[in-house]
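Chains as they are written, first to last, in the numbering used here: chain E, -12 to 322; chain D, -12 to 322. For reference, the structure discussed in these notes is given below.
Protein chains: 2
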Amino acid sequence: MKRKLFDTIVGGILGLVLGLGWSSPTLAQGDPLPSWNDTPTKQAIVGFVARVTKPGPDFVAPAERIATFDNDGTLWVEQPMYVQLAFALDRVKAMAPLHPEWAYTEPYQSVLEGDIKALAKIDERDLVQLIMVTHAGMTTDEFSKIVTSWLGTARDQRFKRPYTELVYQPMLELLSYLRVNGFKTFIVSGGGVEFMRPWTEKVYGVPPEQVIGSSIKTKFEMRDGIPTLFRLPEVNFIDDKAGKPIGINEAIGYRPIAAFGNSDGDLEMLQWTTISSGVRFGAIVHHTDAEREYAYDRQSHFGHLDVALDAAAINRWTVIDMKKDWKVIFPFETR
Amino acid sequence: MKRKLFDTIVGGILGLVLGLGWSSPTLAQGDPLPSWNDTPTKQAIVGFVARVTKPGPDFVAPAERIATFDNDGTLWVEQPMYVQLAFALDRVKAMAPLHPEWAYTEPYQSVLEGDIKALAKIDERDLVQLIMVTHAGMTTDEFSKIVTSWLGTARDQRFKRPYTELVYQPMLELLSYLRVNGFKTFIVSGGGVEFMRPWTEKVYGVPPEQVIGSSIKTKFEMRDGIPTLFRLPEVNFIDDKAGKPIGINEAIGYRPIAAFGNSDGDLEMLQWTTISSGVRFGAIVHHTDAEREYAYDRQSHFGHLDVALDAAAINRWTVIDMKKDWKVIFPFETR
Chain E
-12 MKRKLFDTIV GGILGLVLGL GWSSPTLAQG DPLPSWNDTP TKQAIVGFVA
38 RVTKPGPDFV APAERIATFD NDGTLWVEQP MYVQLAFALD RVKAMAPLHP
88 EWAYTEPYQS VLEGDIKALA KIDERDLVQL IMVTHAGMTT DEFSKIVTSW
138 LGTARDQRFK RPYTELVYQP MLELLSYLRV NGFKTFIVSG GGVEFMRPWT
188 EKVYGVPPEQ VIGSSIKTKF EMRDGIPTLF RLPEVNFIDD KAGKPIGINE
238 AIGYRPIAAF GNSDGDLEML QWTTISSGVR FGAIVHHTDA EREYAYDRQS
288 HFGHLDVALD AAAINRWTVI DMKKDWKVIF PFETR
Chain D
-12 MKRKLFDTIV GGILGLVLGL GWSSPTLAQG DPLPSWNDTP TKQAIVGFVA
38 RVTKPGPDFV APAERIATFD NDGTLWVEQP MYVQLAFALD RVKAMAPLHP
88 EWAYTEPYQS VLEGDIKALA KIDERDLVQL IMVTHAGMTT DEFSKIVTSW
138 LGTARDQRFK RPYTELVYQP MLELLSYLRV NGFKTFIVSG GGVEFMRPWT
188 EKVYGVPPEQ VIGSSIKTKF EMRDGIPTLF RLPEVNFIDD KAGKPIGINE
238 AIGYRPIAAF GNSDGDLEML QWTTISSGVR FGAIVHHTDA EREYAYDRQS
288 HFGHLDVALD AAAINRWTVI DMKKDWKVIF PFETR
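This is the structure in structure tokens:
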């Protein structure tokens, strides 16, 4: 009996370790951040994680190890335009046959004619209009299917790959490294929350309930006895700039101890995370590699990084130099 | 070397099992729901959990094992009034010296005079006004401290105990039982999210990011270089009735497979959860025990249960009869 019980326990434990992918930092072999060069940036990350996870004055309980990540330009490519904008433009083209008036109505006309110059100057009001027309007017389930279907076929023009492959390998390793060390990793993006959720778990290992983003209003209705959530053409919440700490507070409750961004839209999230008591970590991904990805900051329309770059120096946030700090940019380079 | 590695692994595993409180349903000894009588209700709960966790056609992956719980009247007492209303009334009294005009202005006058009859008839507009005055005008950190401090001293009139002890022991066991079986347990309450978060982890084992509730708007500001979230007297979201599936969708993304409520405010959450493909579980806590707690349903002002009780029969939701199904009501009865 005892022998049998022992076998059951050992079997159960092995199943847990092997089958459920449990891994411990103490057992992990090799470098958990192999795509990061051995620079002060990597040392700062590893040093921070060591300080808050080891017993001592800076120890943080696992429940409060919250790390937040911007998405566009921090976890995946945001040039030559936000992926969600590319989605909206493709949706306009797909929906155009039902809207003949779009042929002579802006901003649709520029979209349909592929007028890149006009599109580059698109203002926020036109952007919101494009988002509403293409993102509202269906149930949440239907929208999720549209996003998944589009991501399955759409390809980035430069890299000729699905957008979900244009994610940063070093950041994937960082997400995983933090989770292995007891962190909960959240995405906090100006992008639409329902545009991200269909794929963030598969691509980043971040489940839907840990994705915070912008949203439009929804309406609950019983339709022929079937409960539905219908997407309305009305802004509910913009999760950008000062909206990020608000979104974090609404969705998480705890204040993060680490935050990663790449643009002025992340300034307030970084302030909220780092200007507080206790050990905190703030970092900005600086796009410095025109050859392997893109190089941009203060002059860029998408991923505009100006005030937050100055604030990084003042607040001692780590600036991740993509060219110097990253051995590879994309997962497909490692295969 | 091999021996040493083996010791390290076994040590690590034992540490995991013993130190981190890991427990497996297969190793668990005894009844996980000891405060539940062995009635069809308990059998329905255990049967549902078995179906969705065992390999087979009804298996649900752990990531999608989402269970949502209403709070007032489902996890803790809501009579003779919502705890949060008791909090608001106490706050009015505490703040009254700074507001002399309240002595002759409704609804404050009734509060200060302890006019129970007038308070029982309080309408939604007055309730919102009382909530705004007592819940806004401070930072989120300050509000959290006010709530924690109040819960430390306030006592329920009938049971002479802190409100956080007036939680239902069978529901605590149910929350724990579901989590041991891989479920994520969420609170989805009409109550204020920032009123619940300071204590839900300690009392229910539900961390702040798994608490969904009503909220007021907040404003992010840098005050003398310090980032603050200031609470504004403006409704942001009412997480009740049709708001519950909306709140669930916004915060979780996944649709729950199990939902527990006790009033008409939970109708739409139960519909959204159960009227769908796959095995689902909906349950209503029916307050039938005037002796040990309270007995109320269709006529009650707080926790009004009428349409949802009829819907339970139609949709085959389990009705939990507190008198018949629960051996004990409160944790202090078991000590």
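All C-beta atoms, glycine included, are put in the ideal place defined by N, C-alpha and C.
#1: With a cut-off of 8 Å, does the C-beta of S136/E fall near any C-beta of chain D?
#2: Find the residues of chain E that neighbour N236/D, judging by a C-beta separation of less than 8 Å, and give them in chain order.
#3: Would you identify the three-state DSSP class for H273/D, choosing helix, strand or coil?
#4: Which chain E residues sit within Cβ distance under 9 Å of E196/D?
#5: So is A229/E in contact with chain D if we call contact Cβ pairs under 8 Å?
#6: Can you list, in chain order, the stretches of the alpha helix (DSSP H) that have 4 or more residues and sit fully within the region 246 to 311 of chain E?
#7: Could you tell me which chain E residues have their CB closer than 7 Å to the CB of R145/D, listed as they occur along the chain?
#8: Given 8 Å as the limit, is there contact between the region 139 to 146 of chain D and the region 159 to 175 of chain D, that is, 3 or more CB pairs closer than that?
#9: If you draw a straight line from the C-alpha of I316/D to the C-alpha of Q116/E, how long is it?
#10: In whole angstroms, what separates the C-alpha of H274/D from that of I203/E?
#11: What runs of the alpha helix (DSSP H), each 4 residues or longer, lie entirely inside the region 49 to 137 of chain E?
#12: Do G178/E and D59/E have their CB atoms nearer than 8 Å?
#13: Applying the 10 Å Cβ sphere with the 16-neighbour rule, what's the burial state of E181/E?
#14: Would you verify that the beta carbon of M209/E is, or is not, closer than 8 Å to some beta carbon of chain D?
#15: Looking at the structure shown, is G169/D part of a helix, part of a strand, or coil, going by DSSP?
#16: Using a Cβ-Cβ distance cut-off of 8 Å, determine whether W259/E contacts chain D.
#17: Measuring only between beta-carbons, confirm whether S201/E sits less than 8 Å from chain D.
#18: At the level of alpha carbons, what is the spacing between D308/E and V70/E?
#19: Is the CB-CB distance between D293/E and R285/E below 8 Å?
#20: To the nearest angstrom, how far is it from the Cα of K231/D to the Cα of L219/E?
#21: Taking any Cβ of chain D, which residues in the region 38 to 70 of chain E have a Cβ under 7 Å from it, in chain order?
#22: Using a C-beta cutoff of 8 Å, does F(-7)/E count as contacting chain D?
#23: Is the beta carbon of S250/E within less than 7 Å of some heavy atom of the ligand SAH?
#24: When you compare each of G200/D, T205/D, P149/D to I233/D by their alpha carbons, which one comes out closest?
#25: For S136/E, does the count of other Cβ atoms within 10 angstroms reach 16, so buried, or fall short, so exposed?
#26: Run through the DSSP bridge pairs and tell me what R218/E is partnered with.
#27: Counting only C-beta atoms, is E88/D closer than 8 Å to chain E at any point?
#28: Report yes or no: do the region 43 to 56 of chain E and the region 114 to 131 of chain E share at least 3 C-beta pairs separated by less than 8 Å?
#29: When DSSP labels each residue in this structure, what does R210/D get in the three-state scheme?
#30: Could you name the residues of chain E that R184/D contacts, counting a contact when the two beta carbons are closer than 8 Å?
#31: Just reading off the alpha helix (DSSP H) that R142/E is part of, what are its end residues?
#32: Considering T28/E, what are the terminal residues of the alpha helix (DSSP H) in which it resides?
#33: Quick check: the region 182 to 198 of chain E against the region 205 to 215 of chain D, are there 3 or more CB pairs under 8 Å?
#34: Please report the Cβ distance between A246/D and L257/D, rounded to the nearest whole angstrom; I am assuming they are in contact, meaning their Cβ atoms lie under 8 Å.
#35: Here's the rule: buried if 16 or more other CB atoms are within 10 angstroms of the residue's CB, otherwise exposed. What is D226/D?
#36: Between G17/D, A73/D, T321/D, K29/D, which has its C-alpha nearest V272/D's C-alpha?
On the basis of the supplied data:
#1: At a cut-off of 8 Å between beta carbons, S136/E makes no contact with chain D.
#2: T127, T205, L216
#3: Looking at H273/D - three-state DSSP - the assignment turns out to be strand.
#4: Listed by position along chain E, the residues whose Cβ is nearer than 9 Å to that of E196/D are I53, K171, F173, E196, Q197, A238, I239, G240, Y241.
#5: A229/E has a beta carbon lying within less than 8 Å of a beta carbon in chain D.
#6: 254 to 261, 294 to 302
#7: The contacting residues do not exist; R145/D stays about 31 Å from chain E at best.
#8: no
#9: 53 Å
#10: In this structure, the straight-line span from the alpha carbon of H274/D to that of I203/E is close to 37 Å.
#11: The alpha helix (DSSP H) runs of length 4 or more contained entirely in the region 49 to 137 of chain E are, from start to end of the chain, 70 to 82, 95 to 100, 103 to 107, 111 to 122.
#12: yes
#13: buried
#14: yes
#15: Correct three-state label for G169/D: coil.
#16: Yes, W259/E lies at the interface with chain D (some Cβ there is under 8 Å from its Cβ).
#17: no
#18: 23 Å
#19: yes
#20: Each residue's Cα considered, the two are about 17 Å apart.
#21: Within the region 38 to 70 of chain E, the residues whose Cβ lies closer than 7 Å to some Cβ of chain D are A50, listed in chain order.
#22: With a pLDDT of 37 at F(-7)/E, under the threshold of 50, the modelled position of this residue cannot be trusted, and the question is left open.
#23: As for the ligand SAH, it is missing from this structure, which has no ligand bound.
#24: G200/D
#25: exposed
#26: T205/E
#27: no
#28: no
#29: strand
#30: G240
#31: Here R142/E belongs to no alpha helix (DSSP H), and DSSP marks it neither H nor E.
#32: 27 to 40
#33: no
#34: 5 Å
#35: Flag for D226/D reads buried.
#36: K29/D
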